[in-house]
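The structure appears right after this line, and notes come after that.
Number of protein chains: 2
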Amino acid sequence: MTEEAKLNRDVAVIGVGQTKFGEHWSQSMREMAVEAGIKAVEDAGISGHDIQMVVGGNMSGGLFTGQEHSSAMLADYLGLNPIPAIRTEAACSSGALAMRVGILAIASGMYDFVAVGGVEKMTDIYGPQATTALSGAMDYETEAYFGATFPGIYALIAQRHMYQYKTTREQLAMVAVKNHDNGFLNPVAQYQKRITVGEVLSSPLVADPLRLLDCSPITDGAATVILAPADVARKYTDAPVYVKATAQASDTLSLFSRRDITTLDATVEAARRAYKQAGLAPKDINLAEVHDCFTIAEICAYEDLGFAKKGEGGKLIQSGQTMLGGKIPINTSGGLKSKGHPVGATGIAQIIEIVKQLRGDAGKRQVNGANTGMTHNVGGSGATAVVHILSRDR
Amino acid sequence: MTEEAKLNRDVAVIGVGQTKFGEHWSQSMREMAVEAGIKAVEDAGISGHDIQMVVGGNMSGGLFTGQEHSSAMLADYLGLNPIPAIRTEAACSSGALAMRVGILAIASGMYDFVAVGGVEKMTDIYGPQATTALSGAMDYETEAYFGATFPGIYALIAQRHMYQYKTTREQLAMVAVKNHDNGFLNPVAQYQKRITVGEVLSSPLVADPLRLLDCSPITDGAATVILAPADVARKYTDAPVYVKATAQASDTLSLFSRRDITTLDATVEAARRAYKQAGLAPKDINLAEVHDCFTIAEICAYEDLGFAKKGEGGKLIQSGQTMLGGKIPINTSGGLKSKGHPVGATGIAQIIEIVKQLRGDAGKRQVNGANTGMTHNVGGSGATAVVHILSRDR
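Chain order of the listed sequences is A and B.
Count along the first sequence from 1, add 127, and you get the number used in my numbering.
Count along the second sequence from 1, add 127, and you get the number used in my numbering.
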């Protein structure tokens with residue numbers, strides 16, 4: 128396998144904007160995308176006329192709303208015609224892929240200003256249909272068709288992790304408690320509400336051992352960032368945030384094909400590539416937004432991203448070091464669990480949280496001295512993983 | 128609007144492969160994608176280990192088969208893990224967008240060898256469901272929801288074109304006849320069968336004035352090309368085909384919002400950008416694959432791409448100049464009409480036909496002295512248009 132090379136141009140984030148995450152009965156997919164897009168353009172202090180391309184992550188507009196071709200919808204309703212518009216999709220990592228394509232487009236030399244967004248409207252269909260739509264992220268022929276659901280898939284991972292590494296039911300619950308503590312401080316989070324370990328443990332069982340409060344919710348939302356060449360970023364903002372790494376890896380679509388279901392090899396490989404691109408190690412990361420679609424996923428992410436040794440993710444959450452004020456605060460936004468998980472928008476919302484933290488603009492959730500942050504966005508049960516490293520340092 | 132700039136690196140096509148287009152009851156989406164991918168890798172004379180990224184166009188795996196996340200599926204079943212895999216979507220132009228992202232990725236400097244594919248499995252659901260899935264390409268809230276179908280949308284365009292420019296019913300039929308004449312010579316075409324103007328005119332009425340034989344079919348199929356930096360292309364093939372332009376533009380998602388429904392402004396703008404990038408004019412193009420989802424669409428494309436004056440597309444088909452042996456042969460592959468239209472694969476199949484023609488490898492369909500060709504891929508009723516120019520000249 129040939130290693131990837133350096134980008135021809137460095138890229139910076141110069142603007143961010145998002146809707147509140149939640150159940151938006153009065154807003155359609157296009158209205159949310161427009162709200163996030165306008166906020167990002169205003170934040171960047173540019174005009175819509177400066178934007179040369181739109182890239183939009185959207186997992187399943189077709190199954191959730193009937194609407195495919197959402198990239199053209201974005202360009203149209205944002206008043207950006209005739210610029211090119213591209214939709215990217217890799218299940219719940221669709222947003223991070225939009226980020227990657229935006230970065231590649233600027234590095235290619237062809238485009239300077241690219242609006243990169245993500246959107247998902249999930250609440251227009253009823254719950255079981257949403258579960259069916261989401262199952263398009265796993266191997267439909269060999270998993271979903273035979274009745275597998277995502278809580279079931281991640282429950283298998285949790286069972287194995289608990290068996291092999293003595294990870295406890297309480298440690299899983301602590302992930303949810305921490306993320307709700309953070310989401311409580313985030314005005315755009317779906318659930319601004321604290322919960323206790325006892326509440327997690329007594330919430331309804333979904334797929335043993337995972338309970339309702341171990342699972343990220345069904346969410347509507349949109350998020351947008353404006354990318355520009357690093358060279359010009361300071362013209363537009365006093366606090367540009369530079370992209371130090373954009374890395375992605377793939378693994379088997381089905382969980383049962385993996386060599387070890389407690390390790391997301393795609394995350395390990397994407398992280399390896401990202402650290403190499405940035406010339407950094409896990410100890411250099413001040414905070415991270417990781418893909419906590421279920422509580423067990425955050426524990427695996429600690430290990431796969433190098434923040435804990437293999438099997439010691441449960442100990443890391445228990446140590447308190449991933450809380451605000453800890454050594455490596457994780458999911459200061461509230462994560463997918465508490466901020467919400469509009470699947471196509473999540474990858475961009477993660478970028479936005481890191482940008483706000485690096486700008487010192489995260490309010491009560493601010494991580495003191497945050498200089499370098501990471502995002503980790505996963506598609507399916509780990510067939511796709513995307514890792515970005517962002518920094519105040521050029 | 129800021130104009131796009133030159134790519135940092137030139138790109139070439141070094142390998143192509145596709146399945147036969149048709150109704151493949153014995154092949155799933157993944158099996159078709161694997162067949163096309165392997166053929167392309169073999170044609171390029173490289174190993175799968177050389178490939179650093181996969182980009183896959185797929186319009187609606189979710190609605191057609193339940194399977195989203197098809198990019199990871201491609202990487203997995205092609206044995207290419209852990210390289211990154213990105214799905215692109217813009218309705219029927221999803222394939223051409225994959226081509227664009229592959230080109231941008233190489234120009235970015237990060238990747239050298241990128242496999243760019245397209246796939247669609249459309250026949251696993253019954254006809255009316257396929258029509259519903261396809262309607263996700265138009266404005267779902269303001270068109271599809273109120274009963275619009277694509278034959279209906281293009282029928283409106285045809286009615287207006289016939290009223291305004293005296294385009295005749297027979298001229299529409301001639302597009303289908305020409306494309307079936309070409310498809311008759313193409314071993315991978317869905318319909319290798321000649322038809323007559325009389326047969327078109329007596330085929331069942333679908334949406335007045337469009338009849339069954341004015342419409343492209345429901346098709347299964349996959350197509351893949353291998354891209355590499357232009358600098359190294361000659362190491363892999365004696366007949367590299369260079370990408371001279373990759374251009375894309377957007378227009379309103381809904382037909383009724385257009386200033387003139389007989390002109391696809393996105394095509395006009397994408398063509399303007401493509402000609403500018405390549406430093407070429409319509410007279411320099413030796414042949415083109417254009418988006419003939421309905422016969423009227425090919426007539427509009429003649430005008431919007433600059434091969435005929437506005438309103439004179441009907442005269443151009445009647446003149447015979449777009450037939451094999453004419454001044455500007457169009458859709459030598461058989462086009463969407465006769466070769467078939469697996470929506471996510473079509474944009475890549477168009478590239479493949481041009482590559483084969485420029486290599487002198489198009490058998491009985493060969494255009495003598497073909498040096499420079501164009502592809503034109505449309506999403507929806509023209510909300511997205513993508514134009515590529517390929518040439519034997521670096």
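Beta carbons are placed, not taken as given, at the ideal position from N, Cα and C, and that holds for glycine.
For clarity, every value in this text was computed on a predicted model and none was experimentally measured.
So with CB distances below 7 Å, who are the chain A contacts of residue i?
i, result
"B/Ser155", "Glu268"
"B/Leu190", "Gly189, Leu190"
"B/Ala271", "Gly193"
"B/Gln179", "Thr129, Glu131"
"B/Asp392", "Pro209"
May I ask you to list the residues that DSSP assigns as paired with residue i?
i, result
"A/Met180", "A/Val241"
"A/Gln194", "The partner list for A/Gln194 (beta bridge, DSSP) is empty, contrary to what the question assumes."
"B/Phe421", "B/Cys342"
"B/Asn504", "B/Val513"
"A/Tyr369", "A/Ala139, A/Ser518"
"A/Cys427", "A/Cys427 is not bridged to any residue."
Since residue i meets chain A, which of its residues come closer than 9 Å, beta carbon to beta carbon?
i, result
"B/Lys133", "Gly236, Met237"
"B/Asp203", "Asp266, Ser377, Asp378, Thr379, Leu380, Ser381, Ser384, Ala510"
"B/Glu158", "Near B/Glu158 there are no residues of chain A at all, since even the closest Cβ is about 10 Å away, more than 9 Å."
Residue i: buried (16+ other C-beta within 10 angstroms of its C-beta) or exposed?
i, result
"A/Thr351", "buried"
"A/Ala132", "exposed"
"A/Ser153", "exposed"
"B/Lys491", "exposed"
"A/Gln291", "exposed"
"B/Phe383", "exposed"
"B/Gly206", "exposed"
"B/Val241", "buried"
"B/Ser174", "exposed"
"B/Tyr204", "buried"
"A/Asn458", "buried"
"B/Val537", "There is simply no residue 537 of chain B to check, as chain B begins at 128 and stops at 521 in what is shown."
"A/Tyr429", "buried"
"B/Asn504", "buried"
"A/Tyr281", "buried"
"A/Arg361", "exposed"
"A/His307", "buried"
"A/Lys293", "exposed"
"A/Asn495", "exposed"
Residues of chain B with CB under 7 Å from residue i, in chain order?
i, result
"A/Pro211", "Gln375, Ala376, Ser377"
"A/Met501", "Near A/Met501 there are no residues of chain B at all, since even the closest Cβ is about 17 Å away, more than 7 Å."
"A/Leu529", "The requested residue 529 of chain A does not occur in the structure, where chain A is confined to residues 128 to 521."
"A/Glu195", "Met186, Ser187, Glu216, Ala218, Gly263, Ala264"
"A/Met200", "Leu380"
"A/Gly506", "His196, Ala199"
"A/Ala232", "Leu231"
Chain B partners of residue i, CB-CB under 8 Å?
i, result
"A/Asp251", "Residues of chain B passing the Cβ test: none, with the nearest at roughly 11 Å."
"A/Glu396", "Pro209"
Starting from the beta carbon of residue i, find every residue of chain B whose beta carbon is closer than 9 Å, and list them in chain order.
i, result
"A/His468", "Within 9 Å Cβ-Cβ: nothing; A/His468 doesn't reach chain B, min ~15 Å."
"A/Glu480", "Going along chain B, no residue has its Cβ under 9 Å from A/Glu480, so there is no contact; the nearest lies around 23 Å."
Using CA atoms only, rank isn't needed, just tell me which of the options is closest to residue i.
i, options, result
"B/Val143", "B/Asp520, B/Lys491, B/Ser518, B/Val482", "B/Val482"
"B/Leu332", "B/Gly279, B/Asp378, B/Asp308", "B/Gly279"
"B/Gly172", "B/Leu354, B/Leu380, B/Gly274, B/Ile516", "B/Leu354"
"B/Val470", "B/Ser198, B/Asp365, B/Glu247", "B/Glu247"
"A/Ala218", "A/Asn458, A/Gly245, A/Arg338, A/Asn306", "A/Gly245"
"A/Pro336", "A/Val368, A/Met156, A/Glu297, A/Val359", "A/Glu297"
"A/Gln256", "A/Ala271, A/Gly229, A/Ala366", "A/Ala271"
"B/Asp137", "B/Glu439, B/Lys437, B/Gln448, B/Ala372", "B/Ala372"
"B/Ala139", "B/Gly348, B/Gln145, B/Val243", "B/Val243"
"B/Gly149", "B/Met200, B/Leu261, B/Thr259, B/Pro314", "B/Pro314"
"B/Gly441", "B/Thr129, B/Val302, B/Leu190", "B/Val302"
"B/Tyr318", "B/Cys342, B/Leu328, B/Leu190, B/Ala334", "B/Cys342"
"A/Gln194", "A/Met156, A/Ala366, A/Gly325, A/Arg486", "A/Met156"
"A/Asp347", "A/Glu162, A/Arg399, A/Ile141, A/Glu130", "A/Glu162"
"B/Phe277", "B/Glu326, B/Ala334, B/His468, B/Ile252", "B/Ala334"
Inset, instruction - May I ask you to verify whether the stretch 220-230 of chain A touches the stretch 379-389 of chain B, counting CB pairs closer than 8 Å and requiring at least 3? - result: no
Legend entry - the stretch 281-293 of chain B / the stretch 407-425 of chain B touching (three or more Cβ pairs under 8 Å): yes
Inset, instruction - Inspect the CB distances between the stretch 248-267 of chain B and the stretch 374-383 of chain B and report whether three or more fall short of 8 Å. - result: yes
Legend entry - the stretch 394-412 of chain B in contact with the stretch 510-518 of chain B per 3-pair CB rule at 8 Å: yes
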